[in-house]
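**Q** Pasting in a structure now, in structure tokens, and then I'll have a few things to ask.
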Amino acid sequence: MVVVVLLGGCAERTPQTAMVAESPGGGYGYSDQRLAPDLYDVHYVSPELTLPADENARARQLEAEKARAFDLALWRSSQIAAAEGFSYLKVEEDHRDASVDVKREYAPPPALGPSGFYGWGGSMYSPRGFYGQPPGLVPYWFYQDPYADQQYSIKATGQVTSSLKVAFAKAPAPGFEDAAALGKRLSQQYAGATYP
């Protein structure tokens, strides 16, 4: 039997402000590039995130983080609209990606049992009985893998990226949103947002 230790909690870290410009040393934040007078590429990259070891919980957290990265990229788009004199914006393209790294860290196999060491270089016999036999009478290779009780922990980390192609307009048009109202809503929602 392999025992898995799930590490789902976050390590204590200094909170990182969510809405910041991306810098080479920071590794996260927003960036943008002007493609045309009324068209921008806007990106938001999250910092490295500590994710749950459980796959279902991890998938749920990644979806939530993708939604947050999208909102932060959209908020940045509303800031661009205000700075460039546009009143409306429309997301032409929306890509949300996540990169995940899952590592298993193994502990040494159990070493001590009732009959002494158990494992490579230890006793040749199981420390437990087998089919009613007293401990120590059945070789471990017959009983089970000596590493079967080995424990390991799972550590998962990831980073989320949202990439938007945003069109801007000065007059209302089909599919365009009010940039000022959008910016106000997102600033109220995320003004104090931090990671982790």
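Under our numbering, think of the first position of the sequence shown as 637, with each following residue one higher. All C-beta atoms, glycine included, are put in the ideal place defined by N, C-alpha and C. Note that the coordinates shown come from a computational prediction; the quantities given were computed from them, not determined experimentally.
Is it buried or exposed for R694, if we count other Cβ within 10 angstroms and need 16 for buried?
**A** The residue in question, R694, is buried, as its Cβ has 16 or more Cβ neighbours within 10 Å.
**Q** Would you report the Cα separation of S798 and L710, rounded to the nearest angstrom?
**A** Approximately 9 angstroms, taken between the alpha carbons.
**Q** D707 by DSSP, collapsed to three states: which one?
**A** Helix.
**Q** Helix, strand or coil, according to DSSP, for K801 in the structure here?
**A** If DSSP states are grouped into helix, strand and coil, K801 belongs with the strands.
**Q** For the structure I just gave you, are there three or more beta carbon pairs, one from the stretch 787-796 and one from the stretch 669-688, closer than 8 angstroms?
**A** Judged by Cβ distances under 8 angstroms, the stretch 787-796 makes contact with the stretch 669-688, as three or more pairs qualify.
**Q** DSSP on V774, reduced to helix/strand/coil?
**A** Because V774 carries a pLDDT of 48, less than 50, the predicted location of this residue cannot be relied on, and no value is offered for it.
**Q** With a threshold of 6 angstroms on Cβ separation, who are the neighbours of Y664 within its own chain once the five nearest residues in sequence on each side are excluded?
**A** Closer than 6 angstroms at the Cβ level, and outside the excluded window around Y664, lie V681, S682, P683.
**Q** If you drop the 5 nearest sequence neighbours on each side, which residues of the same chain put their C-beta closer than 6 angstroms to that of S713?
**A** If we look at S713 and ignore the five residues flanking it on each side, its Cβ neighbours are V678, L725, V802.
**Q** Where does A815 land, buried or exposed, given buried means 16+ other C-beta within 10 angstroms?
**A** The residue is buried, with at least 16 neighbouring Cβ atoms inside 10 Å.
**Q** Straight-line CA distance for R732 to E699?
**A** Looking at the two C-alpha atoms, the distance is approximately 9 angstroms.
**Q** Less than 8 angstroms between the CB atoms is what I'm expecting for A705 and V796, so what's the real figure, rounded?
**A** Confirmed, Cβ separation roughly 5 angstroms.
**Q** Since Q669 sits in a beta bridge, which residues does DSSP pair it with?
**A** Answer by DSSP bridge pairing, in chain order: D677.
**Q** With DSSP run on the structure shown, which of helix, strand or coil describes K820?
**A** Residue state, collapsed to three classes: helix.
**Q** Do D707 and L800 count as a contact pair if the criterion is CB distance below 8 angstroms?
**A** Not closer than 8 angstroms, so no.
**Q** According to the neighbour-count rule (16 or more other Cβ atoms, all chains shown, within 10 Å of its Cβ), is A817 buried or exposed?
**A** Burial call: exposed.
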